[in-house]
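Written out below as structure tokens is the structure these notes cover.
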């Protein structure tokens, strides 16, 4: 009878006169840990193979992140994240899958193939090809979402302060906005606070926070859901909350401008200053927004928004909000902004006025 071979229980590694004993159950765990670490590091260590050809003759090897608002965001090994104006690009290529949206609102998906001809792009997917003009492309995004979702948000924060010694007039303002664009939706958050104090007068506070979700449909149409919380001491409004929805369309969508129009209904609850009881009303919603952006030095952005709320249950009452903002970049990501606002109420509370308006100057940072 042949003796049964004894199973090897462990292995020993000798380094510099010291032995490292690895048990039979520990070695597979170390192998699994190594594989997991390599898998996590894979995306970071992956070779960047996308190519962008510029009008000045340069060629950038990179990873294409996205195109939005006329700028292509790319990641490079030597220069980290770089933004390139879309109009300065002759052609590009990538083996990754992307969603591409045209000015008309039509969306395609596929790899970005180089045609060899300036100003043209071929999208290849599942054996089919679609030739598009780069001049008509307004948005490009990877088909596969990044693991780090926060990197897919864009926005800004700003603050301003003003003081007058003559009457101890002090004002403070702060605001933020954040937006997220995906294949089939847009999500926006924004908020602002304006506080003013003056000798011989009551302190005044104007604050509003809101969000808008747009579900993107064909031919630049969308459905919208929105909500907001507001306070305005000048108008005699302690708290106003609203929520509702509607239907709208991007009337213009290019690499330099966006113009949208939305119509719908909102339910509004108002808690007015003083002893007046809270009221809930149904109001119509009519909104138009326009944005113009240019990235020639200095970068400039102009935004306008007009919203009208004709009341349905409180016949004859009309509210309106107008906001205009002009932003100029001072240095990279740092900007100065001049904003004008006007809030109107045809039937304000007894302790409020029918109109609140102002001009605000602030410094901010984009991300």
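Residue numbers (our numbering): 6 to 372. Positions of the beta carbon are idealized from the N, C-alpha and C atoms, including for glycine.
Asked                                                                                                                                                                    : Found
By DSSP, does residue 208 sit in helix, in strand, or in coil?                                                                                                           : strand
Hey, would you say residue 343 sits closer than 8 Å to residue 366, going by beta carbons?                                                                               : yes
Leaving out the 5 sequence neighbours to the left and right, which residues in its chain are closer than 6 Å to residue 327 when beta-carbon positions are compared?     : 311 and 347
Thinking C-beta only, is residue 274 closer than 8 Å to residue 246?                                                                                                     : yes
Rounded to the nearest angstrom, what separates residue 72 and residue 215 at their Cα positions?                                                                        : 26 Å
With residue 328 as the anchor, note down where its beta strand (DSSP E) starts and where it stops.                                                                      : 323-336
Per DSSP, which residues does residue 78 bridge with? Please list them.                                                                                                  : 71 and 88
Put residue 122 into one of helix, strand or coil per three-state DSSP.                                                                                                  : coil
When DSSP builds the beta bridges, which residues end up paired with residue 374?                                                                                        : Look at the range of the chain in this structure, 6 to 372, and you will see that residue 374 is not part of it.
Leaving out the 5 sequence neighbours to the left and right, which residues in its chain are closer than 6 Å to residue 159 when beta-carbon positions are compared?     : 184
Sorted by chain position, which residues of the same chain lie with C-beta nearer than 7 Å to residue 350's C-beta, five sequence neighbours on each side aside?         : 240, 324 and 359
Can you check DSSP and say which residues form a bridge with residue 282?                                                                                                : In DSSP, residue 282 forms no bridge with anything.
Go ahead and label residue 47 buried or exposed: buried means 16 or more other beta carbons lie within 10 angstroms of its beta carbon, across all protein chains shown. : Any reading at residue 47 is ruled out, since the residue's pLDDT is 43, under 50, leaving its predicted position unreliable.
Out of curiosity, what's the CA-to-CA distance linking residue 266 and residue 83?                                                                                       : 43 Å
Going by DSSP, which residues form a beta bridge with residue 147?                                                                                                       : 103
In three-state terms, what does DSSP make of residue 134?                                                                                                                : strand
Under 7 Å Cβ to Cβ from residue 93, same chain only, skipping five residues before and after it: list those, please.                                                     : 59 and 60
Determine contact between the segment 254-272 and the segment 103-120, defined as no fewer than three beta-carbon pairs at a distance below 8 Å.                         : yes
Please give me, in chain order, every unbroken run of the beta strand (DSSP E) with length at least 3 that falls completely inside the segment 216-291.                  : 226-237, 242-258 and 262-277
Skipping 5 residues on each side, what residues in its chain have a beta carbon closer than 6 Å to that of residue 119?                                                  : 96 and 98
Grab me the residues of residue 370's own chain with a C-beta within less than 8 Å of its C-beta, minus the 5 sequence neighbours each way, in chain order.              : 161, 162, 163, 338, 339 and 340
Taking the alpha carbon of residue 114 as the reference point, which residue from 322, 103, 123 and 298 has its own alpha carbon closest?                                : 103
Can you say whether residue 190 is buried or exposed, counting buried as having 16 or more other CB atoms within 10 angstroms of its CB?                                 : exposed
Compare the Cα-Cα distances from residue 187 to each of 135, 148 and 259 and report the closest residue.                                                                 : 148
Between the C-alpha atoms of residue 62 and residue 236, what's the straight-line distance to the nearest angstrom?                                                      : 54 Å
For the beta strand (DSSP E) holding residue 364, just list the boundary residues, first then last.                                                                      : 360-371
What does a CB cutoff of less than 7 Å around residue 289 pick up in its chain, not counting 5 residues either side in sequence?                                         : 270, 314, 315 and 317
Residue 141 by DSSP, collapsed to three states: which one?                                                                                                               : helix
Among all the DSSP beta bridges, which residues are the ones paired with residue 108?                                                                                    : Per DSSP, none; premise fails for residue 108.
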